[in-house]
Amino acid sequence: MQQLHSTEIPIPSFSSFPEFPEDDTDTSKSDEVRRIKSENDSEFKADLTTHQRFNQQELNDLIRDLNLSQESAEFHAFRLKEKNFLYPGTNILYRRRDKDLLPSIIQENNLAFCDDIKGFL
Numbered sequence: 202m203q204q205l206h207s208t209e210i211p212i213p214s215f216s217s218f219p220e221f222p223e224d225d226t227d228t229s230k231s232d233e234v235r236r237i238k239s240e241n242d243s244e245f246k247a248d249l250t251t252h253q254r255f256n257q258q259e260l261n262d263l264i265r266d267l268n269l270s271q272e273s274a275e276f277h278a279f280r281l282k283e284k285n286f287l288y289p290g291t292n293i294l295y296r297r298r299d300k301d302l303l304p305s306i307i308q309e310n311n312l313a314f315c316d317d318i319k320g321f322l
């Protein structure tokens with residue numbers, strides 16, 4: 202829906218852009234900001250010799266936050282392990298309990314059932 206400009210409010214027209222006087226205060230402000238930033242920057246000291254590792258909970262949170270599939274999660278976790286970004290003992294494989302059970306499950310129409318109960322147990 203297009204709105205039309207009201208006849209009561211005139212449409213402004215410009216014949217030229219207004220000129221602003223040059224002011225030296227702009228450079229002094231930028232110098233002050235630059236000086237403040239540099240003073241604060243010296244307080245931070247990065248430790249480039251060590252890196253933080255992920256524990257199991259942090260790895261699980263990362264995988265969830267990135268919305269990774271099981272395959273992608275395992276791939277990324279292996280990469281993190283290769284680069285020594287995981288604590289020792291952090292699990293990087295998903296359990297696949299259903300892998301052995303799937304061959305004995307049959308689906309017909311909207312019904313799924315096990316056709317080999319003895320093999321299932």
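Its first residue numbered 202, the sequence shown is counted upward by one per residue in the numbering used here.
Glycine residues also receive a C-beta, built at the ideal position from the N, C-alpha and C atoms.
This one's a predicted model, so the numbers in the text were calculated from it and none came from an experiment.
Neighbourhood of residue i by C-beta distance below 7 Å, restricted to the same chain and skipping five residues each side
| i | result |
| --- | --- |
| residue 281 | 255, 287 |
Cβ neighbours of residue i in the same chain (closer than 8 Å, five flanking residues each side left out)
| i | result |
| --- | --- |
| residue 266 | none |
Where residue i sits in the DSSP three-state scheme
| i | result |
| --- | --- |
| residue 209 | coil |
| residue 312 | strand |
| residue 293 | coil |
| residue 267 | coil |
| residue 279 | helix |
| residue 287 | strand |
Reference residue i; option with closest CA among the options
| i | options | result |
| --- | --- | --- |
| residue 304 | 283, 315, 294, 310 | 315 |
| residue 261 | 251, 313, 285, 294 | 294 |
| residue 320 | 269, 308, 302, 313 | 302 |
| residue 259 | 210, 221, 278, 222 | 278 |
For residue j and residue i, believed in contact at Cβ under 8 Å, the rounded distance
| i | j | result |
| --- | --- | --- |
| residue 291 | residue 257 | 5 Å |
Nonlocal neighbours in the same chain, by C-beta distance under 6 Å from residue i, ignoring five residues either side
| i | result |
| --- | --- |
| residue 274 | 264 |
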